[in-house]
Amino acid sequence: MDYTCPVGDCRATFTKAWRLQAHVCRHIQLKPFSCEDCDKSYHTRFQLTRHKLSHSGEKRYRCQDDDCSKAFPTIGSMKNHMARVHHHQGKKYECRHQDCGKRFNKRNQLKAHEPEHQELLPFCCTFSGCTKEFSSHGRLKHHKKVHEGYTCQAQGCSFCGKTWTEYLKHRKEHKVKLSCSVCKKQFSNTWFFRQHELRVHSGEKRMLSCPREGCEKKFTRHFHLESHILGDHEGKKPFICGHAGCGRSFAMKESLWRHGVVHDPAKKKLKVTCISCLTGIHLS
21 MDYTCPVGDC RATFTKAWRL QAHVCRHIQL KPFSCEDCDK SYHTRFQLTR
71 HKLSHSGEKR YRCQDDDCSK AFPTIGSMKN HMARVHHHQG KKYECRHQDC
121 GKRFNKRNQL KAHEPEHQEL LPFCCTFSGC TKEFSSHGRL KHHKKVHEGY
171 TCQAQGCSFC GKTWTEYLKH RKEHKVKLSC SVCKKQFSNT WFFRQHELRV
221 HSGEKRMLSC PREGCEKKFT RHFHLESHIL GDHEGKKPFI CGHAGCGRSF
271 AMKESLWRHG VVHDPAKKKL KVTCISCLTG IHLS
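Following the working numbering from start to finish, the sequence shown increments by one per residue and tops out at 304.
In structure tokens form, the structure reads like this:
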């Protein structure tokens, strides 16, 4: 099933409803997924999740070049780095075996490959009934997980996952949840928990000052600051209410939709932050 963009003359089509939602959000300048730690907002939940890694400081993806020690929070940022910085280097380790010529990024990858040209591979699986052989101990160890599974290391837990993904999903069950004493919201990350306490319940809100000279207005959200600059300083209010006798105009499309509640009180019962209600596109 294809989903077609309903905005104006745009006829872009998508195979997933959530992709169309994100596309429509860009049309109407709506970023419904907000970071509770820095007020940044995004068009999709994936973008928000990726952004949150910048707060945790976790950098799981190391550059694949042997001589580079840089690490990155997402695989996408690592690949961008590889393409930008190391694009000219190519695969520099070549197998010298006759009629092979395979090339590798890393020396250890080449070394692991070389035994494949031997008649008998040196690392054999010892499980009953399995005759597989491997060129390196690492590959044999990885293969053994097919027979052994992935055992949970938590004390007193007997879980054994058949796959790594299954094991990772189970491991989340052991994470200690930190519960906010004020609103009962739970966190699995101490840093996010402390930031929540500081920004939400400390009574102190971070204020964003208007950068225009002579303007002393301050705001708690980037959205309100941007709307203020566009509407009050630049006079840009292209979104006009079409309700008879109204004619109010707004700098942001989201503001116009929120204003619609004035003319339709029944909408007050709807949660305005529901992306499906705002875009009219439902993930069903």
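We put the beta carbon where it would ideally sit given N, CA and C, even for glycine. Remember, predicted model here, so these are calculated numbers, not experimental data.
Looking only at DSSP bridge pairs, what is residue i linked to?
| i | result |
| --- | --- |
| HIS78 | The amino acid occupying residue 78 in the given sequence is Glu; His does not appear at that position. DSSP, once it has assigned bridges, lists no residue as partnering GLU78. |
| GLU153 | CYS144 |
| PHE66 | The partner list for PHE66 (beta bridge, DSSP) is empty, contrary to what the question assumes. |
| PHE124 | TYR113 |
| THR33 | THR24 |
| CYS180 | THR171 |
| ALA91 | ARG82 |
Using a threshold of 7 Å, state whether the C-beta atoms of residue i and residue j are closer than that.
| i | j | result |
| --- | --- | --- |
| ALA174 | HIS194 | yes |
| LEU250 | ALA264 | no |
| LYS79 | ALA91 | yes |
| SER155 | GLU136 | yes |
| ALA316 | TYR23 | Outside the displayed span of the chain (21 to 304) sits residue 316, for which this structure offers no information. |
| LEU73 | PRO93 | yes |
| CYS115 | LYS122 | yes |
| CYS45 | HIS63 | yes |
| HIS117 | ASP85 | no |
| TYR170 | GLY158 | no |
| TYR81 | ILE95 | yes |
| LYS257 | SER275 | no |
| CYS144 | GLU153 | yes |
| LYS238 | SER229 | yes |
| PHE147 | HIS162 | no |
| PHE207 | LEU198 | yes |
| LYS273 | ILE48 | yes |
On the CB-based measure, 16 or more other CB atoms within 10 Å of its CB, does residue i come out buried or exposed?
| i | result |
| --- | --- |
| MET227 | exposed |
| THR293 | Note that THR293 scores a pLDDT of 44, beneath 50, so its modelled location is shaky; the value from the coordinates is reported in the next line. Exposed is the call here. |
| HIS283 | exposed |
| PHE259 | buried |
| LEU290 | At LEU290, the pLDDT of 42 sits below 50, so the modelled position is not reliable; the number obtained from the coordinates is stated separately. Answer is exposed; the Cβ neighbour count stays below 16. |
| HIS216 | buried |
| GLU254 | exposed |
| ASP29 | exposed |
| PRO26 | exposed |
| LEU298 | Below a pLDDT of 50, predicted positions are generally treated as unreliable, and LEU298, at 49, falls in that range; the measurement from the model is reported next regardless. It is buried - the Cβ of LEU298 has at least 16 other Cβ atoms within 10 Å. |
| LEU40 | buried |
| ALA103 | exposed |
| LEU188 | exposed |
| HIS43 | buried |
| LYS288 | Confidence in LYS288 is poor, its pLDDT being 49 and thus under 50, which makes the residue's placement too unreliable to answer from. |
In terms of residue numbering, what span does the alpha helix (DSSP H) encompassing residue i cover?
| i | result |
| --- | --- |
| ILE357 | With the chain running from 21 to 304 in the structure shown, residue 357 is simply not present. |
| SER97 | 95 to 105 |
| ARG127 | 127 to 133 |
| THR185 | 184 to 191 |
Alpha helix (DSSP H) runs wholly inside the stretch 198 to 278, at least 4 long, in chain order: If only complete runs of 4 or more residues are kept, the stretch 198 to 278 shows the alpha helix (DSSP H) at 210 to 220, 242 to 248, in order along the chain.
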